[in-house]
Amino acid sequence: YSTSDIVEVVQYDPALTGDLLVRANSAESASRTRITEIKVAVTRLGANTVVQTALGRALNRQMSGALPAYGLEKGDMWEHALASSVAADLVLARAGSSLPSNLSTAALLHEVGKLVVSACLPPSLVTSLAQTAELENRELVNVERDVLGIDHAEVGAIVARSWGMPVSIQVAITKHHDWREIEDRFALGVALSDRLAHLINEIDEEADPRELPEAAEAMELMALVGVEDHQYLPLVGEGRIQFEAIRSAFA
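All letters in the sequence shown, in the order written, are residues 462 to 712 by this note's numbering.
Put into structure tokens, the structure is as follows:
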């Protein structure tokens, strides 16, 4: 899409226009002069960031509710999706141009299947799946497959396909738990973004990120994606700063 095509749509959505202007004027965009026109904001941010922000605005309403069957309180799922998208942008900046720029979109959507599972199944059934996974010390996706014949990641890929998302995003959503089965760097990048999101948003800021259980898996994924291991701490630190700034913009 051209800039004019995007502006033509965005300019009629006040909330989205406000979000884009905030992001265009934020520290992350490195703008030296204040941007007040939506066309300039779209040009500054780029089409991928505009799509990411639009999806974020739309998904915020859907993901903000609690999903108790998955142990998620109000706002938890939305904040994880947002942190994953932030992490994906940082991974892109460090992994080079070989990764497609829509990595952040895939990261934002990677858990959307949980919404569908929670909406379509009795809460007691989904809760029992989570309890079984905890009692048997198994991955929830494996319990879902055994009982339902499908897991929330596969459901998410079906949703992505129905939305017309590229096959690469569908595969990344399907495999973000089973990343050791694949070699696709794009899908591995989404899995890495998911792991980093837990460190960015869900871990005590006073904890040393290098000592956390998630660190080893994140470092392994970084090597597979092509991000050098000395970038681990900057990814977590910058991710926390950007996540807080963007979350405030959506508040």
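Beta carbons: idealized from backbone N, C-alpha and C, even for Gly.
- When the Cα atoms are used, what is the spatial distance from residue 680 to residue 636? 18 Å
- Rounded straight-line distance, which links the Cα of residue 678 to that of residue 667: 20 Å
- Tell me, please, whether the stretch 574-584 touches the stretch 691-700 by the rule of three or more beta-carbon pairs shorter than 8 Å. no
- Hey, out of 506, 560, 504 and 592, whose CA is closest to residue 532's CA? 592
- Whether residue 634 touches residue 570 by CB criterion (8 Å): yes
- With a cut-off of 8 Å on the beta carbons, I'd call residue 700 and residue 564 a contact; round off their distance for me. Not confirmed; about 14 Å, so no contact.
- So what's residue 533 in DSSP terms, helix, strand or just coil? Residue 533: strand per DSSP, three-state reduction.
- Task: Within its chain, find whatever has a CB closer than 8 Å to the CB of residue 611; leave out the 5 residues flanking it on each side and keep chain order.
- Result: 605
- Is there contact here, the stretch 643-653 with the stretch 519-533, by at least three beta-carbon pairs under 8 Å? With a cut-off of 8 Å, the stretch 519-533 and the stretch 643-653 do not count as touching, because too few Cβ pairs lie within range.
- Query: Are the beta-carbon atoms belonging to residue 664 and residue 548 less than 8 Å from one another?
  - Reply: no
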